[in-house]
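Okay, structure first, notes after.
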Amino acid sequence: MNRISKYIILNIVTVFTVTMFFSCKGNLKEVQKINALNKNPIGIAENYVLKYTDSTKLVAVVSGPLYKDFSNQQFPYREFPDGFHVDFYDDDNQKSSIEADYGIIYLETDLIDMQGNVILQTHDGRQLLSDQLYWDQRNHWVFTEGNYSFVSEDLNIQGVGIDFNRDFSVVNSHGNTGDALFEETEEK
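Laid out in structure tokens, this is it:
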């Protein structure tokens, strides 16, 4: 009887242990889900139009099909997964625009990453085309290390890598080719 009792107790302990193991495994998955980084946006907007003003003056109008706000993340950002269009206005109320197939704004660094068919059109007819373009909002600086094409009244250049300030008064291009028009002057 003693041997049979030990065998029954061993079987009960084994069944109990196996049951606890499988039930803990299910709970472990639940605990892992709770501790995992929540990748859900804090807000979503569809077919949006956002107007930005400064002292009642219209500065920019941002529009697009989908906007997701992930400002609740450890490294907060806002995403435009289906593209966007921005009209922005200078101090003289002249409108320039930019659009891309995808965009993301990193809130802590104030860096905007625009990707896919990026088109920057200035109020005076200058146009920059690129596959990717960055806008550093803090320093008012635009740059890419990728391919670009720049067209204006007197320039038609292509290259790899360009950076410039927001009004194109300082431009640094890297390895470009193209055509430029120069006005001839007579020497006296």
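For the sequence shown, the working numbering gives the first residue as 43, with consecutive numbering after it. Idealized CB from N, CA, C, for every residue including glycine.
- Approximately 6 Å separates the beta-carbon atoms of V101 and Y131; this is inside 8 Å, confirming the contact.
- Between N82 and the set Y109, V104, T98, T95, the nearest pair of CA atoms involves Y109.
- Straight through space, the alpha carbons of D166 and V212 are spaced by roughly 16 Å.
- Per DSSP, the continuous beta strand (DSSP E) segment holding D178 begins and ends at 169-178.
- Within the same chain, L171, Q200 come within 6 Å of S191 by CB-CB distance, once the 5 residues on both sides are set aside.
- Approximately 5 Å separates the beta-carbon atoms of L175 and T186; this is inside 8 Å, confirming the contact.
- Around the beta carbon of I86, fewer than 16 other beta carbons lie within 10 angstroms, which makes this residue exposed.
- For the region 69-152, the continuous beta strand (DSSP E) assignments of 3+ residues that do not extend past its boundaries occur at 85-96, 99-112, 119-122, 126-131, 137-142, 144-148, in sequence order.
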